[in-house]
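From first to last, the protein sequence lines stand for chains A and B. Residues in the first sequence are numbered from 45 upward in steps of one, following our numbering. Residues in the second sequence are numbered from 5 upward in steps of one, following our numbering. Even glycine gets a Cβ: it sits at the ideal position worked out from N, Cα and C. Every value quoted in this text rests on a predicted model; they were computed, and no experiment measured them. Take a look at the structure set out below.
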Amino acid sequence: MLVSRHARTILSVTTRMLGPAADAEDVAQETFVAAYKALPGFHLDSKFSTWLYRIAVNKCTDALRARRPDAISLDAEGDESEAAFETADEETPHWELEQAELAWELDSAIQALPHVYRESFVLRHIEGLGYDEMSAILGVHRDTLKMRVYKARGLLCQSLAHLNI
Amino acid sequence: MNDSEQLVQRFLDQELSAEERVRFISRLGRDEALRQRTLELEQLLLGVDQLPRPVVPDDFVARVMQRTASPQAAAPKPATSWRSLADALWTPRTFRWNLASAGATVCLALLVLGTVVIERSTPAPGRPATSPAPVAATVLVRLVVLQPNARTVQVAGDFNGWSPERTALEQISGGAWAVTIPLKPGRYEYMFVVDGKEWIADPFATEQNDDGFGSRNAVLDVRAAVGAQL
């Protein structure tokens, strides 16, 4: 039951960290398998979600380290194993296309962030976590995390300036 | 990072005091560059907020279960009886209630039992009036919880794919929250979600299940109702 409850959250983290590719789903599954194995060591000294996030972030880091740099693709359109995303409720195909393009640009820009900035930005702005919880997950001082988030915001603005957003 | 930039970043993180916020907003009116920077960052965060969430594939849970059942996945060590007893005694629970709210919740639990509405289907044409009505297809179940300090309360369980955003409770009087859900007969596990963040067990569920991850799900056993004979 806990897998069902947290699947969407963990898949969101791995997808934003690794890109909409098959290994994001694989890493999400590995997160739950690792959690199951490590369960005897979970002593309720943190929230379960914090603990699960920590495992997911570590798994993503491991996956990124295992990738060859030239194997990292920013071209989601060419990826046959694209993740399925929820679609908005708007009416016109043109609007949908615009939104899809914007989302793709934003996703690509997030993927291009240096790893430590990306993980901080994803936890802060995609998962909506506070700095204290992020500190518990990443084991980094909250002031350091703030600077990473600030830096990530600035880099994203720069890379998306051509979109006038 | 200069002072202006840091001010904008703190504003975005809602970390400015009330006085600082007033000064910042006043400054936005005078400082074009600051205004543009703030708008740029706000628009970025709006775009991020609107990013679609990935959809969990239907077989995701099944594949995780398969992997945990494989020989490579080590099973958790069985707890000793002393450990189980210690956990049962000392594992912190996440529900909050005091004597007054416990009493109120008992009353509400009785209200829940009293307000389960059974759908009765009408006899098919031509069927003798004395024959029993068919078993009801769905049962309306009313879930009630006492959370006077909550801004939102939702419920997540087997009946809604564990997605709390699908089933919000409405605030009724006295700090109580309630929702009526049509359910087919069966067993359902669920938890309440307070303010979108805190998952709590239903303290007055007649049955609870340990989900193996440190939480307890309430169990709802919905029985089919049979119409009375006329």
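Tell me the rounded alpha-carbon separation between A:R197 and A:R49.
30 Å
Beta-carbon of B:R57 versus every beta-carbon of chain A: anything under 7 Å?
yes
Since B:W203 sits in a beta bridge, which residues does DSSP pair it with?
B:V197
Taking the Cβ atom as the reference point for each residue, do B:V305 and B:W181 lie within a distance shorter than 7 Å?
Outside the shown range of chain B (5 to 234) lies residue 305 of chain B, about which nothing can therefore be said.
Touching or not, the segment 15-32 of chain B and the segment 152-166 of chain A, by the rule of three or more beta carbon pairs under 8 Å?
no
Using a Cβ cut-off of 8 Å, pull out every chain A residue sitting near B:L4, in sequence order please.
Nothing can be reported for residue 4 of chain B: it is not among the residues displayed for chain B, which extend from 5 to 234.
Check the C-beta distance from A:V57 over to A:E171 and give it rounded, since I have them as a contact under 8 Å.
By a beta-carbon distance limit of 8 Å, A:V57 contacts A:E171. Their separation comes to about 6 Å.
Compare the C-beta of A:T94 against all C-beta atoms of chain B and say whether one is closer than 7 Å.
With respect to chain B, the C-beta atom of A:T94 has no partner C-beta closer than 7 Å.
By Cβ distance, which residues of its chain are closer than 7 Å to B:L11, with the 5 residues on each side in sequence left out?
F28
To the nearest angstrom, how far is it from the Cα of B:L32 to the Cα of A:S90?
40 Å
Can you say whether B:K201 is buried or exposed, counting buried as having 16 or more other CB atoms within 10 angstroms of its CB?
exposed
Tell me, please, which residues DSSP counts as bridged to B:A172.
B:Q158
Can at least three beta-carbon pairs, one atom from the segment 59-77 of chain A and one from the segment 91-103 of chain A, be found at a separation below 8 Å?
yes
With DSSP collapsed to three states, give me the class of A:D187.
helix
What did DSSP end up calling B:V26 once you bin it into helix, strand or coil?
helix
Do B:N213 and B:E193 have their C-beta atoms closer together than 7 Å?
Yes, these two residues count as a Cβ contact at 7 Å.
Look at A:D67 and A:A110 and say whether their C-beta atoms are less than 7 Å apart.
no
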